[in-house]
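Quick notes on the structure that follows.
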Amino acid sequence: IWVMGNLVCPDLDTVLYLLSEKLDKEKWWGVEGDTFHTHEALRELGFEEPLMLGDRDRALHLVRTTFLSKGYTLTQATLKIAKQMGIKQTVLPMCDEKVDTFVETTEGRIHFQEFWVGMRGEPSVVGVYHEGIEDAKLTYQILKAFRRTKCVVIGPSNPITSIGPILHVRGMRKLVKKKTTVVVSPLIGKKAVSGPAEKLMRACGVESSSVGVSQLYEDIADYFVIDVRDETKSTEFAIDVVRADTMMVSKERSISLAKEILSILEGV
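Set out below in structure tokens:
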């Protein structure tokens, strides 16, 4: 989403901040300890931003947009920014083309970020659209990454607005299908751990439950990880089910889940 002339990539930015240990883990977006002087000054001048951007967070968007204006692709800009932030892992956007997720609500069509951050996900949703997805293409860097791996792990992110657009990039599902793939459910039974997944799934005609999530991945997933507190019977899933503690409320719990997933993939 473009904000005051700068490109903001919320999911990508969250990954960059997490890996550089700058992420605000109270909100799970933005920079820890950030200030909002620019946002407040813009409001005083009559400019109401659709997102509340912190000052240090805004610096990242300024740098990204500067790189893009110089002819960098989004992938090239992201790799350069990640290196500057001291990130050792390779962080890649899903494509270089412009793709925006819009939510059709009873109050009209709005950008997903405005719906979730600006309106706190309150309006009733009747549909979700990924504008520009038909032009999205696999990048060389994505193809290279898939050539070098045998496994794919899809984390417990929103299957409609976070994972959905990635898998809708032309050719992406085909690539994932060739690998041993583990998917972690973002829902425990019929309840989302966080975020608007339940509301968005229902709007897209998908059952709002861990079973509903699994159905979105049936053609590509080999293993489906559900929480130990999920009372759904394994026989209700068309994918092999593994039960684990998926509540990543601490670094230790997150590492424990990662080890559980690696144990599933042993020998692949």
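First residue of the sequence shown: 48, per the numbering used here; consecutive thereafter. We treat Cβ as the ideally placed atom computed from N, Cα and C, and that holds for glycine.
Quiz item: On the three-state DSSP scale, how would you describe Thr228?
Solution: Position 181 of the sequence shown, counted from the first residue, corresponds to residue 228. Note: Thr228 maps to strand in three-state DSSP.
Exercise. Go ahead and pull the three-state DSSP assignment for Thr125.
Key: Reading the sequence shown from its first residue, position 78 is the one you call residue 125. Helix at Thr125.
Quiz item: Leaving out five residues before and five after Asp274 in sequence, what residues of the same chain have Cβ atoms less than 6 angstroms from its Cβ?
Solution: In the sequence shown, counting from the first residue as 1, residue 274 sits at position 227. For Asp274, where only same-chain residues beyond five positions count, the Cβ hits under 6 angstroms are Ile235 and Thr293.
Quiz item: Just how far apart, CA to CA, sit Val50 and Ile157?
Solution: Locating residue 50 in the sequence shown gives position 3, counting from the first residue. Locating residue 157 in the sequence shown gives position 110, counting from the first residue. Rounded to whole angstroms, Val50 to Ile157 spans 14 angstroms at the Cα level.
Quiz item: Which residues in the same chain have their Cβ closer than 7 angstroms to the Cβ of His86, if we skip the five residues on either side of it in sequence?
Solution: Here the question's residue 86 lines up with position 39 in the sequence shown. Glu96, Met99 and Leu100, listed in sequence order.
Quiz item: What residue does the beta strand (DSSP E) around Thr113 start on, and which one ends it?
Solution: Along the sequence shown, one-based indexing puts residue 113 at 66. Element bounds for Thr113: not the beta strand (DSSP E) but the alpha helix (DSSP H), Asp102 to Ser116.
Quiz item: Would Asp266 be called buried (16 or more neighbouring beta carbons within 10 Å of its own) or exposed?
Solution: Working through the sequence shown from its first residue, we reach residue 266 at position 219. Exposed.
Quiz item: For the candidate residues Ser303, Phe94, Thr186 and Val55, whose alpha-carbon lies nearest to that of Val110?
Solution: Taking the first residue of the sequence shown as position 1, residue 110 is located at position 63. It is Val55.
Exercise. With DSSP collapsed to three states, give me the class of Ile210.
Key: Numbered from 1 along the sequence shown, position 163 holds the residue referred to as residue 210. In this structure, Ile210 counts as helix in the three-state DSSP scheme.
Practice problem: Could you tell me whether the Cβ atoms of Asp143 and Leu121 are closer together than 9 angstroms? | Solution: As a working mapping, residue 143 is identified with position 96 in the sequence shown. As a working mapping, residue 121 is identified with position 74 in the sequence shown. Yes, the pair counts as a contact, with Cβ atoms nearer than the cut-off.
Quiz prompt | Closest Cα partner of Thr279 within the set Leu139, Lys69 and Val258 | solution = Walking along the sequence shown from the start, residue 279 turns up at place 232. The option with the nearest alpha carbon to Thr279 is Val258.
Self-check item: Start and end residues, alpha helix (DSSP H) containing Thr85
Solution: Your numbering for residue 85 matches position 38 in the sequence shown. First-last of the alpha helix (DSSP H) with Thr85: His84 to Glu91.
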